[in-house]
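Residue numbers (the numbering used here): 1256 to 1516. The next block holds one structure in the form of structure tokens; read it before the comments.
What follows is the structure in structure tokens.
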């Protein structure tokens, strides 16, 4: 039986013509980071600037944003924004000419058992984390370039709840579904999810030391790698999703193997 050899798609009119000419690099691109004044968002900002990108930082604290932008240098600008306020999101994106990559890590919410949380606290992950990211993408959509990408921030609790926190687990799982739906609607713009495990970083710094250390010890026991993640390791994953021009609708779990146990 004869076969036809496969040849590279270098002919005119093939998929090669529709690939990004920069091969996924970030040089000269505009990276928008809501929540970029601290934590994972700030680490993404540092890596993006090092790769030659311009970054726009968003968040609620002008002092924190100004400090971050000063350290990042001329490649960084900032504007205040509240992801729970649609008018604030609209005003934030009105200031921008284009968005090549978008990540939203901002969010404030409560986590706990259904039988203990108030309705308001139980709904808070959806109000801030789910709808905050949903509306950030909605207001960014007119400014997204044809080869832009969006990375949503979920969490490994959506795949493996660490304890009684059903609304929080459901919110993270819902964000993965949101990414798949947005990937279909916004194509060829790419939409993916990063779903980290427990990270030793900014998010935990303000929590009581005893609770923090107990949670860290439990997470070390529950993962295959028996350690916490770092903010830079999560930022590495985000930068990969920004740059990989053939990945969309996918979720990556930088969690040390937590979801496999």
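Where a beta carbon is used, it is the ideal one built from N, C-alpha and C, also for glycine.
Terminal residues of the beta strand (DSSP E) in which residue i lies
i, result
"residue 1331", "1331 to 1335"
"residue 1314", "1309 to 1314"
"residue 1445", "1445 to 1449"
First and last residue of the uninterrupted alpha helix (DSSP H) at residue i
i, result
"residue 1356", "It is not in any alpha helix (DSSP H) - residue 1356 instead sits in the beta strand (DSSP E) that spans 1354 to 1359."
"residue 1344", "1341 to 1349"
"residue 1439", "1421 to 1441"
"residue 1284", "Careful: residue 1284 lies outside any alpha helix (DSSP H) and carries neither H nor E."
"residue 1299", "1294 to 1305"
"residue 1475", "1464 to 1477"
"residue 1389", "1386 to 1395"
"residue 1458", "1457 to 1460"
"residue 1371", "Run containing residue 1371: none; DSSP gives neither H nor E here."
Best match in the options for proximity to residue i [C-alpha to C-alpha]
i, options, result
"residue 1313", "1364, 1373, 1366, 1391", "1391"
"residue 1431", "1485, 1495, 1389", "1389"
"residue 1296", "1449, 1370, 1477, 1427", "1449"
"residue 1289", "1487, 1387, 1306, 1478", "1387"
"residue 1339", "1481, 1460, 1378, 1285", "1378"
"residue 1322", "1350, 1291, 1309", "1291"
"residue 1458", "1465, 1486, 1307, 1424", "1486"
"residue 1380", "1483, 1425, 1456", "1425"
"residue 1307", "1434, 1414, 1327, 1402", "1327"
"residue 1436", "1473, 1504, 1463", "1504"
"residue 1401", "1500, 1299, 1298, 1301", "1500"
"residue 1396", "1475, 1304, 1287", "1287"
"residue 1480", "1515, 1304, 1465", "1515"
"residue 1349", "1463, 1300, 1394, 1465", "1394"
"residue 1324", "1440, 1299, 1283", "1299"
"residue 1315", "1473, 1341, 1361", "1361"
"residue 1438", "1460, 1462, 1502", "1502"
Short Cβ contact (8 Å threshold) for residue i with residue j
i, j, result
"residue 1383", "residue 1363", "yes"
"residue 1293", "residue 1319", "yes"
"residue 1337", "residue 1285", "no"
"residue 1518", "residue 1410", "Limits of the chain in this structure are 1256 at one end and 1516 at the other, which puts residue 1518 out of reach."
"residue 1478", "residue 1513", "yes"
"residue 1498", "residue 1353", "no"
"residue 1351", "residue 1398", "yes"
"residue 1475", "residue 1483", "yes"
"residue 1311", "residue 1303", "no"
"residue 1385", "residue 1429", "yes"
Which residues DSSP lists as bridging residue i, in chain order
i, result
"residue 1289", "1313, 1359"
"residue 1410", "Partner(s): none; residue 1410 has no beta bridge."
"residue 1236", "Because the chain in this structure spans residues 1256 to 1516, residue 1236 falls outside the shown range and cannot be described."
"residue 1399", "1354"
"residue 1454", "1484"
"residue 1404", "1356, 1445"
For the 8 Å Cβ check, are there 3 or more pairs between the stretch 1320 to 1337 and the stretch 1493 to 1502?
Counting Cβ pairs under 8 Å, fewer than three are found: no touch.
Sufficient close CB pairs (3 or more, under 8 Å) joining the stretch 1471 to 1491 to the stretch 1502 to 1511:
Enough Cβ pairs lie closer than 8 Å, so yes.
Between the stretch 1399 to 1415 and the stretch 1437 to 1454, can you find at least three pairs of beta-carbon atoms closer than 8 Å?
yes
Below 8 Å, how does it come out for the stretch 1418 to 1426 and the stretch 1366 to 1377: are there three or more Cβ pairs, yes or no?
Using a Cβ-Cβ distance cut-off of 8 Å, the stretch 1418 to 1426 and the stretch 1366 to 1377 are in contact, since at least three pairs of beta carbons, one from each stretch, lie closer than that value.
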